[in-house]
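Engineer:
Protein chains: 2
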Amino acid sequence: MSQSGGRRRPPTIHDVAREAGVSRGTVSRVLNGGHYVSPTAQEAVNAAIRRTGYVVNRHARSLITGRSDSIGFLLTEPQERFFEDPNFNVLLRGCTQALAAHDIPLLLMLAGTEDERRRITRYITAGHVDGVLLVSSHSGDPVAEQLRDAGVPLVMCGKPIGVGSKISYVAADDRDGARDMVRHLVSLGRRRVGMVTGPLDTPGGVERLAGYREVLTEAGIDLDERLVASGDYSRASGEAGAELLLERAPDMDAVFVASDLMAQGVLSTLHRAGRSVPGDVAVGGFDDSSAAVASSPELTTIRQPYDRISSEMVRVLIAQIGGDDPAAVILPTELVKRQST
Amino acid sequence: MSQSGGRRRPPTIHDVAREAGVSRGTVSRVLNGGHYVSPTAQEAVNAAIRRTGYVVNRHARSLITGRSDSIGFLLTEPQERFFEDPNFNVLLRGCTQALAAHDIPLLLMLAGTEDERRRITRYITAGHVDGVLLVSSHSGDPVAEQLRDAGVPLVMCGKPIGVGSKISYVAADDRDGARDMVRHLVSLGRRRVGMVTGPLDTPGGVERLAGYREVLTEAGIDLDERLVASGDYSRASGEAGAELLLERAPDMDAVFVASDLMAQGVLSTLHRAGRSVPGDVAVGGFDDSSAAVASSPELTTIRQPYDRISSEMVRVLIAQIGGDDPAAVILPTELVKRQST
DNA sequence: TTCTCTACTGTGAACGCTCACAGAAGCATG
DNA sequence: CATGCTTCTGTGAGCGTTCACAGTAGAGAA
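Line by line, the protein sequences give chains A and B. If you're matching positions, the first sequence starts at 675 in this note's numbering and goes up one per residue. If you're matching positions, the second sequence starts at 675 in this note's numbering and goes up one per residue.
1. Can you name the residues of chain A whose CB is closer than 7 Å to the CB of His802(B)?
2. Could you confirm whether any beta carbon from chain A is found closer than 8 Å to the beta carbon of Ser736(B)?
3. Is it buried or exposed for Ser861(B), if we count other Cβ within 10 angstroms and need 16 for buried?
4. So which residues on chain B does Val729(A) lean against when the C-beta distance must stay under 7 Å?
5. Quick one: which unbroken alpha helix (DSSP H) runs of 4-plus residues sit fully inside the segment 868 to 933 of chain B? Chain order, please.
6. For Cys831(B), which residues does DSSP report across the bridge?
7. So with CB distances below 7 Å, who are the chain B contacts of Arg793(A)?
8. If we require 4 or more residues per run, which alpha helix (DSSP H) segments fall completely within the segment 927 to 971 of chain A?
9. Please report how far the alpha carbon of Asn731(B) lies from the alpha carbon of Leu705(B), in whole angstroms.
10. Can you grab the Cα-Cα spacing for the pair Gln716(B) / Gly695(B), in whole Å?
11. On the premise that Val844(A) lies in contact with Val990(A), defined as a C-beta separation below 8 Å, what is that separation, rounded to the nearest angstrom?
12. Which class does Leu973(A) belong to by DSSP, given the choice of helix, strand or coil?
13. Since I believe Ala932(B) is in contact with Phe960(B) (beta carbons under 8 Å), could you give me their beta-carbon distance rounded to a whole number of angstroms?
14. On the CB-based measure, 16 or more other CB atoms within 10 Å of its CB, does Ala772(B) come out buried or exposed?
15. In whole angstroms, give me the CA-to-CA distance for Met675(B) and Gly699(B).
16. Taking 8 Å as the threshold (beta carbon to beta carbon), is Tyr797(B) in contact with chain A?
17. Thinking C-alpha only, which one of Thr876(B), Arg865(B), Asp850(B), Val889(B) is nearest Arg857(B)?
18. My parser needs the beta strand (DSSP E) runs of 3 or more residues fully inside the segment 725 to 806 of chain B; what are they?
19. Given that Thr770(A) touches chain B, what residues does it touch there, using C-beta distances under 7 Å?
20. Are the segment 913 to 920 of chain A and the segment 875 to 894 of chain A touching, with three or more C-beta to C-beta distances below 8 Å?
21. Give the interface partners of Leu781(B) over in chain A, defined as CB-CB distance under 9 Å, in chain order.
22. Is it the case that the Cβ atoms of Val957(A) and Leu935(A) are separated by a distance below 8 Å?
23. Taking just the CA atoms, how far does Val867(B) sit from Leu859(B)?
24. Does the CB of Ala818(B) have a neighbour CB from chain A at under 8 Å?
25. Whole-angstrom Cβ separation of Gly746(A) and Met783(A), contact assumed at under 8 Å?
26. Can you tell me the Cα-Cα spacing of Leu780(B) and Met987(B), whole angstroms?
27. Thinking just about the alpha-carbon of each residue, which of Pro684(B), Asp789(B), Asp981(B) is nearest to the one in Val764(B)?
28. Excluding five sequence neighbours on each side, which residues of the same chain lie with their C-beta closer than 7 Å to the C-beta of Ile1004(A)?
29. Using only alpha-carbon positions, find the residue among Ala910(B), Ile983(B), Gly996(B), Glu921(B) that is nearest to Val902(B).
30. Can you tell me the Cα-Cα spacing of Leu737(B) and His688(B), whole angstroms?
31. Since I believe Asp962(B) is in contact with Gln978(B) (beta carbons under 8 Å), could you give me their beta-carbon distance rounded to a whole number of angstroms?
32. Terminal residues of the continuous beta strand (DSSP E) containing Val1010(B)?
33. Within 10 angstroms of the Cβ of Ala785(A), are there 16 or more other Cβ atoms? Answer buried if so, exposed if not.
34. For Lys1011(A), which residues in the same chain have their Cβ closer than 8 Å to its Cβ, ignoring the five residues on either side in sequence?
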């Protein structure tokens, strides 16, 4: 287990080879999958590795393979959002775990300012990571295109908007999720269904609104623009949105809110206005983040499968590093019924 | 600026040397500080670097120097706390910035579970980072000692508790900060001053309580254990603590809370109990985190200089990597008066 | 037998850099 | 003139690994 002496020079592949009575090449082959190695040699090498406490020197390996065996998790958002939004938490955790299975460490890079973005882009394009998991809801973010043009394997979380061509992404099926929620509200007999949207320069914002409109139209309910307020995913914008809706459409009997955090804001506005939930107004959220169960009443919401999103992001990225073409993955959402509807 | 061809083999130190008409050695010397290099050669090399777009290959460098030129930011807390506590935000940001000045990337490592801690410890001790910035409030965390014993340069945030010997740390002067706050409360004429402490297995928890007791004693006010409730820095524990205090000491006219997040909980309990702040009860927090100004009324609090804490952590760590002995740095706090007192 | 094919193994040559050393040039000192 | 010192420069070796290649042994086919 632990080394005997105090901080000696760590064992090299050479030491292992000598110990096992084989050549460097054979040890290397064992290390890299064990193809074309006899069971006898395999066994001897593994035993020698255990005895010497050998750990592969990643620098030497990277020098020759040209790969760094590490992956960057790049966030081109203001850092505040990273900490405010509970979704990043699960996403980061999921990616860390998925990469741990490949024994790949994750390099978290925060690039909230223009200056940091330049520095980080340079760092990445210099080949210091093999690929990038990019989280950036904003559209018009040039980083994605820069990295793609530099030939860096890249997977985005959420569908990129307004980007010329082929960039991999993994996203939940926003439109379908929105449809499920609004269908649910309509099935409860609600007819004056409002919506607080996400930012409309993001794919999530656009798609969820589209799903909302589709279902109402299908149900034969006329669209009423007074029932739509726009938000930015923050709790405060949820409060403001709900105030606007109550003012313009006091007869509203349900509201679909494009994020749980905003839905919290909606709940507190409704509470102040003396409306009961779900009695007077049914409220549906989106995300199934920790905010959904921290609210009172607990939110009916659309679960985004962040665990699967993160594992898919990792899978697609690793495939792309291995030479595969960019791919898009859309994952299904799920309606989670709780007390707010 | 940008490379001409499409993703050619990147230029090596050899290409730069040829371009500049000097030897590899001279280029290397320029890259590493430029000692023993003539101004002429210096200039030629720099021009060649610019022309070729050369970037040093860190793997090759690391292979020979044995250093990795990267630093780990290790958090051995449950990941939830990382996202809940706004202090981590500023700490991480500060460290990232301080390291950026040295052009050192920061490897964020989250090790919330026992299993992850093992994996990460192995990773670190294998020499993949040059040093570690460790954030872990819990005492009895074996990771710090393990890393120290393995000879890994290490700086902790906050004074380690119960650890045998020499580990570097940077901390705010908790006791002095607590003294300032309680002195402030007493100077307002308050005599029944309560406290909600932090976890008493952390240095911050212990020291702030000690400061509280010292000042009351100095002011000739008898200590009353009914006025002390213990918390765990979470908002919920602030609410519970305040309820306990109100029950045991209804005549309490001030309360010192060991974190702003807990103070938020205290405020909401006081509000529910119909006590006005600061009229009936003055409330003092600790941290000056974003929670302090997000409260209503805004919190009088003790500012922890997280910007300086982070830059000092980086400074001490880099010095230690350079061979210096472990060091302890205690930074002064500052009383910030707002509306809650 | 002889040839071919497969499974396995060892060896030298890289990868791109730093480091130690040798040596050159310039200048002052004995 | 030799000697020493300082400043600068080039060269070979080597860091620990992978990769391409050559080579061996054994099995099966001709």
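For every residue, glycine included, the Cβ atom is placed at its ideal position computed from N, Cα and C.
Structural biologist: Reading it off the structure:
1. Within chain A, the residues near His802(B) are Arg732.
2. At least one chain A Cβ lies under 8 Å of Ser736(B).
3. Within a 10 Å sphere around the beta-carbon of Ser861(B) sit fewer than 16 other beta-carbons, which makes this residue exposed.
4. Residues of chain B passing the Cβ test: Ala800.
5. Runs of the alpha helix (DSSP H) inside the segment 868 to 933 of chain B: 877 to 892, 909 to 922.
6. DSSP lists Val844(B) as partners of Cys831(B).
7. Those within 7 Å of Arg793(A) in chain B are Ala774.
8. With a minimum length of 4 residues, the continuous alpha helix (DSSP H) runs that stay inside the segment 927 to 971 of chain A are 934 to 946, 964 to 968.
9. Approximately 12 Å between the Cα atoms of the pair.
10. Rounded to the nearest angstrom, the two C-alpha atoms are 11 Å apart.
11. Right, their Cβ atoms sit about 6 Å apart.
12. DSSP places Leu973(A) in coil when its eight states are reduced to three.
13. Yes, Phe960(B) and Ala932(B) are in contact; Cβ-Cβ is about 5 Å, under 8 Å.
14. Sixteen is the threshold: when 16 or more other Cβ atoms of the shown chains lie within 10 Å of the Cβ of Ala772(B), as they do, the residue is buried.
15. Because the pLDDT of Met675(B) is 37, which lies under 50, any placement of that residue in the model is unreliable, and the number read from its coordinates should be weighed accordingly. Met675(B) and Gly699(B) have their C-alpha atoms roughly 25 Å apart.
16. The C-beta of Tyr797(B) comes closer than 8 Å to at least one C-beta of chain A.
17. Taking the Cα of Arg857(B) as reference, the smallest distance to any Cα among Thr876(B), Arg865(B), Asp850(B), Val889(B) is reached at Val889(B).
18. Listed in chain order, the complete beta strand (DSSP E) runs (minimum 3 residues) inside the segment 725 to 806 of chain B are 745 to 749, 780 to 784.
19. Chain-ordered, the chain B residues with CB closer than 7 Å to the CB of Thr770(A) read Leu784.
20. No, because fewer than three Cβ pairs between the segment 913 to 920 of chain A and the segment 875 to 894 of chain A fall closer than 8 Å, the two stretches do not touch.
21. Under the 9 Å cutoff, chain A gives Ser744, Pro779, Leu780, Leu781, Leu782.
22. Cβ atoms of Val957(A) and Leu935(A): not closer than 8 Å.
23. Taking the straight line joining both Cα atoms gives about 8 Å.
24. It does not: the Cβ of Ala818(B) has no partner Cβ on chain A nearer than 8 Å.
25. The pair is a contact, with the Cβ atoms about 5 Å apart (cut-off 8 Å).
26. Between Leu780(B) and Met987(B), the C-alpha separation is close to 13 Å.
27. Of Pro684(B), Asp789(B), Asp981(B), the residue nearest in Cα terms is Asp981(B).
28. Correct list, in chain order: Ala845, Asp847.
29. Closest option to Val902(B), judged by alpha-carbon separation, among Ala910(B), Ile983(B), Gly996(B), Glu921(B): Glu921(B).
30. A direct Cα-to-Cα measurement between Leu737(B) and His688(B) gives close to 18 Å.
31. Yes, Gln978(B) and Asp962(B) are in contact; Cβ-Cβ is about 6 Å, under 8 Å.
32. Per DSSP, the continuous beta strand (DSSP E) segment holding Val1010(B) begins and ends at 1008 to 1010.
33. Residue environment for Ala785(A): buried (at least 16 other C-beta atoms within 10 angstroms of its C-beta).
34. Here Lys1011(A) has His858, Thr974 as same chain residues with Cβ atoms under 8 Å from its own Cβ, once five neighbours each way along the sequence are excluded.
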